[in-house]
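Everything on this sheet refers to the single structure shown next.
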């Protein structure tokens, strides 16, 4: 079917399309209004990082102070500690929790009894849906100094009881452990899908060449899911400054602030708690900008070298 | 013919080889692998089993820290206490209301946003999508968002508990992808009959989209049920305290030394260990998630994989 069109100016054409489907464009309004009010207005609100913002004077009435709050941030020893904590906790989580789902997925793929596999999946996906508040409760319950079964066992073995939630030496480990408990199982989904997409002939060929299970995993499975791994790694790296704010906010307490106060928790306490709006916004803005830069550049690299990208 | 038989023979030979190989190292590997997953599954379930056992155990047993899998000195007084606690019931009620209203509101807003964006011919489709996706990569952070919510007079109202999350861009993209996959021919014929875009959306598209609406609806419901962050930031009145926030305070209060005076006193009067009451509260708050989990698991896995396809 060929429609002959009278050539007309582009703008007129655009306008006509919109008028013709006016109700379609109307549907866009609520969503855009939501984005404008709750996403883009706060972005505009970031300018209070360059003011001495007072809630009574508003953005229009507050004095501009340039980079004062960012200078404060650089010399602030507490911020330095917070940044160190953030990077350390994030790195631990990256080191232990990034490879874990890959390994679990590869091993799970070797399970041949479908019934068993399905039950395992049902069980290990479950914690993903449990809130941090509940998880914190579960582990307080397990690890409590006097009533927790873990300390009872430690005591029976003759070891010293450990106040896991109050001990600066183990608290970061506890953060990694609980996040692992919550997310490792769920993290396998994406890798299991990638593994399922591998051509079975590759395994056949590897077997023909005499490769055993381990060799097949290393030389067939891993290379085949490599681009998925890199993609997930980039997403993860983009979140390096988000060390688990929601998790830490429910699990920490003043005794372990020194080792577990991260950017997100710090912004919350200084901003909402102490109402130092401008300074905490500057801290938050620092995090947002770094995260944005990391993800965008990571994605660009990925596109260039792997031909795959997040968007 | 000759060739076919040859390759047939080869295949049989290959199978034979596999069987031989299977019987040596692989059998050990398989046994270890099954053991690994049994341990992993056990480690995932144990925190739940332990908290359930504690919630049904007597004070003496809980305090002595000997409860593991099964309740010791079975009692249900703790549950009577939890379900008779006014604040707990009120928080439960608020959370149910917020979850229902929030899920419906979110689904409505998400569908409205996704439908026009699923039209390949929509003018300004690319920039509109970018406006959405950009909010996934960059945000104003908690303080500017808090200030906007204050300006909108939503602080300390029930609105604060679901409005900030009305549209989740990731879920919106999942719905959009689903709409895109619906054959155009259905819409074309309706259009020829003079149906408006709105009618097409509500009478043709939505009935076909029940699976994705169920999936995304569950996504939203779990997010709303589990979230405590909005309540913590925007809510100070105890009338609007959500279940997760209530539990967070309860857990913090019984964590080792700190106590909320009233709470513990009530428990003492009834001869219950605060730990057992806490355990019962945790179990009660987790039951709704466990009830929907079978549906969740089925839909979520699909959702994650759909979402991993480019938006």
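Chains as they are written, first to last, in my numbering: chain A, 21 to 331; chain B, 1323 to 1633.
Glycine included, C-beta positions come from ideal geometry on N, C-alpha and C.
All figures in this text were calculated on a predicted structure; none of them were measured in a lab.
Is it buried or exposed, residue 1416 of chain B, if we count other Cβ atoms within 10 angstroms and call 16 or more buried? buried
Is the CB of residue 45 of chain A under 8 Å away from at least one CB in chain B? yes
Taking the Cβ atom as the reference point for each residue, do residue 149 of chain A and residue 1454 of chain B lie within a distance shorter than 8 Å? no
Which residues in chain A have a C-beta closer than 8 Å to the C-beta of residue 1390 of chain B? List them in chain order. 169
Could you tell me whether the segment 113 to 125 of chain A touches the segment 1552 to 1568 of chain B, where touching means 3 or more Cβ pairs closer than 8 Å? no
Which chain B residues are close to residue 266 of chain A, counting only those with a beta carbon under 7 Å from its beta carbon? 1551
For chain A, check one thing: does any of its Cβ atoms lie closer than 8 Å to the Cβ of residue 1415 of chain B? no
Which residues, in order along the segment 276 to 297 of chain A, keep a beta-carbon less than 7 Å from a beta-carbon of chain B? 287, 288, 291, 292, 297
Would you report the Cα separation of residue 110 of chain A and residue 1555 of chain B, rounded to the nearest angstrom? 24 Å
Can you tell me the Cα-Cα spacing of residue 1380 of chain B and residue 178 of chain A, whole angstroms? 26 Å
Heavy atom of the ligand ATP within 7 Å of residue 1387 of chain B beta-carbon: No copy of the ligand ATP occurs in the structure displayed, which carries no ligand at all.
Could one say the Cβ of residue 1647 of chain B lies closer than 8 Å to chain A's Cβ atoms, at least one of them? This structure cannot settle anything about residue 1647 of chain B, because the visible part of chain B is limited to 1323 through 1633.
Given this structure, state the Cα-to-Cα distance separating residue 1363 of chain B from residue 1470 of chain B, to the nearest angstrom. 45 Å
Pick out whichever of B:1467, B:1365, B:1372, B:1612 has its Cα sitting closest to the Cα of residue 169 of chain A. B:1372
Mind checking residue 307 of chain A: buried by the 16 CB within 10 Å criterion, or exposed? buried
Could you tell me whether any Cβ in chain A is nearer than 8 Å to the Cβ of residue 1469 of chain B? yes
DSSP three-state label for residue 71 of chain A, please. strand
Pull out every residue of the segment 1401 to 1431 of chain B whose Cβ sits closer than 9 Å to any Cβ of chain A, in chain order. 1430, 1431
If you compare alpha carbons, which of A:174, A:317, A:303, A:310 is closest to residue 95 of chain A? A:303
So which residues of chain D does residue 1387 of chain B contact, with C-beta pairs closer than 7 Å? As a matter of chain content, chain D is missing from the structure shown, whose protein chains are A and B.
Would you call the CB atoms of residue 197 of chain A and residue 258 of chain A closer than 8 Å? no
When you compare only the Cα positions, how much space is there between residue 1390 of chain B and residue 153 of chain A? 22 Å
Short Cβ contact (8 Å threshold) for residue 270 of chain A with residue 102 of chain A: no
Residue 79 of chain A versus A:165, A:68, A:88, A:87, residue with shortest Cα-Cα distance: A:68
Counting only C-beta atoms, is residue 1500 of chain B closer than 8 Å to chain A at any point? no
8 Å Cβ shell around residue 222 of chain A - same chain, five flanking residues per side excluded: 240, 244
Residue from A:158, A:32, A:215, A:40 whose Cα sits closest to the Cα of residue 1513 of chain B: A:40
What are the residues that DSSP puts in a beta bridge with residue 84 of chain A? A:71
Helix, strand or coil for residue 1460 of chain B, going by three-state DSSP, please let me know. coil
Neighbour flag for residue 1558 of chain B against chain A, beta carbons, 8 Å: no
Using CA atoms only, rank isn't needed, just tell me which of A:66, A:130, A:74, A:65 is closest to residue 1349 of chain B. A:130
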